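Below is one structure, written out as structure tokens; comments come after it.
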């Protein structure tokens with residue numbers, strides 16, 4: 114009998130975990146071997162289980178998990194990271210692709226197709242939900258962060274740093290940081306820094 118591929122499930126809603134776990138464990142090829150409901154639980158679970166797959170909800174409490182994907186895949190090169198999320202915004206999907214996910218599935222998908230999708234990913238394919246309205250046009254969109262510098266500034270703003278502290282950290286003058294923040298406010302249609310940070314978090318950019 115072929116050994117089942119192991120899956121860890123990162124999801125903070127118990128009802129969803131039960132449903133997904135039932136579907137996965139009912140298959141002949143996959144088995145859920147661990148569950149996490151907070152970002153801080155993921156790394157220990159990876160080290161303990163060394164799974165083949167991670168099914169990842171992008172909005173679990175704790176750190177922004179998209180920022181962790183590259184490190185996970187570096188530490189666990191055989192790991193396939195597959196989102197299972199409600200988030201279908203273009204910016205989030207593109208951020209996930211850039212982070213290196215192996216599949217982007219939605220909770221609105223028919224769960225009966227989940228193990229079929231996992232099987233395709235196991236064969237080396239990258240699978241996207243059929244319900245995604247994907248566009249790979251990289252032109253600037255509303256709320257789209259255009260460059261690495263702006264992502265750094267958003268991240269540091271989210272940490273509560275002042276313009277001067279941000280400038281010191283990334284080698285810009287305070288006035289230049291103010292200029293970038295002004296541009297970001299315009300792009301996100303935000304009147305305050307707090308509103309800018311909130312909208313950036315909604316789009317999983319920080």
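In the numbering used here, the protein residues as written are 114 to 319.
Every residue, glycine too, gets a C-beta built ideally from N, C-alpha and C.
From a predicted model like this one, the values you see are computed outputs, not experimental measurements.
In the DSSP output, which residue or residues are listed as bridge partners for residue i?
{"i": "residue 148", "result": "122"}
{"i": "residue 216", "result": "195, 240"}
{"i": "residue 168", "result": "122, 195"}
{"i": "residue 189", "result": "DSSP, once it has assigned bridges, lists no residue as partnering residue 189."}
{"i": "residue 143", "result": "118"}
Run the CB neighbour count on residue i, radius 10 Å, all protein chains shown included, and call it buried at 16 or more, exposed below.
{"i": "residue 272", "result": "exposed"}
{"i": "residue 293", "result": "buried"}
{"i": "residue 124", "result": "buried"}
{"i": "residue 115", "result": "exposed"}
{"i": "residue 301", "result": "buried"}
{"i": "residue 216", "result": "buried"}
{"i": "residue 299", "result": "exposed"}
{"i": "residue 128", "result": "exposed"}
{"i": "residue 164", "result": "buried"}
{"i": "residue 170", "result": "buried"}
{"i": "residue 307", "result": "exposed"}
{"i": "residue 199", "result": "exposed"}
{"i": "residue 221", "result": "exposed"}
Look at residue i and residue j and say whether their C-beta atoms are less than 8 Å apart.
{"i": "residue 239", "j": "residue 142", "result": "no"}
{"i": "residue 202", "j": "residue 316", "result": "yes"}
{"i": "residue 130", "j": "residue 156", "result": "no"}
{"i": "residue 204", "j": "residue 309", "result": "no"}
Where does the unbroken alpha helix (DSSP H) through residue i begin, and where does it stop?
{"i": "residue 228", "result": "227 to 235"}
{"i": "residue 129", "result": "127 to 138"}
{"i": "residue 289", "result": "287 to 301"}
{"i": "residue 268", "result": "261 to 271"}
{"i": "residue 280", "result": "276 to 283"}
8 Å is my cut-off, CB to CB: does residue i come that close to chain B?
{"i": "residue 278", "result": "In the structure shown, chain B does not exist; there is a single protein chain."}
Does the structure place the stretch 260 to 279 close enough to the stretch 214 to 230 that three or more beta carbon pairs sit under 8 Å? no
Spell out a yes or no on whether the stretch 178 to 187 and the stretch 198 to 215 are touching, meaning 3 or more CB-CB pairs, one atom from each, closer than 8 Å. yes
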